[in-house]
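Counting in my numbering, the sequence shown runs from 64 upward without gaps. Think of the CB as a built atom: it goes at the ideal place given N, C-alpha and C, for glycine as much as any other residue. Model, not experiment: these values are computed from the prediction.
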Amino acid sequence: MALSKRELDDLKPWVEKTVKGVLGFSEPTVVTAALNCVGKGMDKKKTVDHLKPFLDDSTYRFVDKLFDAVKEGRSSRHSRSSSDRSRKRELKEVFGEDPDLSKDSSNSKKKRIPRFSEVEEEPEVIPGPPSESPGMLTKMQ
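Below you can see the structure in the form of structure tokens.
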């Protein structure tokens, strides 16, 4: 019953709150140890053995709550995902197929519309040699 990283992240706030309720203060070490036990898929007995040094007499009660929360979290995620699927089906039934999506996949790219109008390039003008002016040095100087 190993949990994914996302499931562990979802469970972490509950574990933090429960550890604080059991111990009377927040203890990140216990939270991390509990999440590691559940994340690795340990059974209740191994989890109790692992957390006993931290929680003493309340270990059994905490582990029972932890496993109930994991089970509840999994069942709520499963039911939520199936309800999302049925909701998507209902939307398709109500609105029908999206005409943009029903086109050929080869024509799936939209035509690119330029944001700026193109500027026609003028031929580059190369300046000629400057004409002499009174302050300009000449070749003889």
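Per-residue burial, residue i [other beta carbons within 10 Å of its own, 16 or more giving buried]
{"i": "residue 125", "result": "buried"}
{"i": "residue 94", "result": "buried"}
{"i": "residue 78", "result": "buried"}
{"i": "residue 96", "result": "buried"}
{"i": "residue 101", "result": "buried"}
{"i": "residue 188", "result": "exposed"}
Within 8 Å, strictly: CB atoms of residue i and residue j
{"i": "residue 98", "j": "residue 118", "result": "no"}
{"i": "residue 114", "j": "residue 122", "result": "yes"}
{"i": "residue 74", "j": "residue 111", "result": "no"}
Which of helix, strand or coil DSSP assigns to residue i
{"i": "residue 135", "result": "helix"}
Runs of alpha helix (DSSP H) lying entirely within the stretch 68-132, each at least 4 residues, in chain order: Listed in chain order, they are 68-86, 91-102, 107-118.
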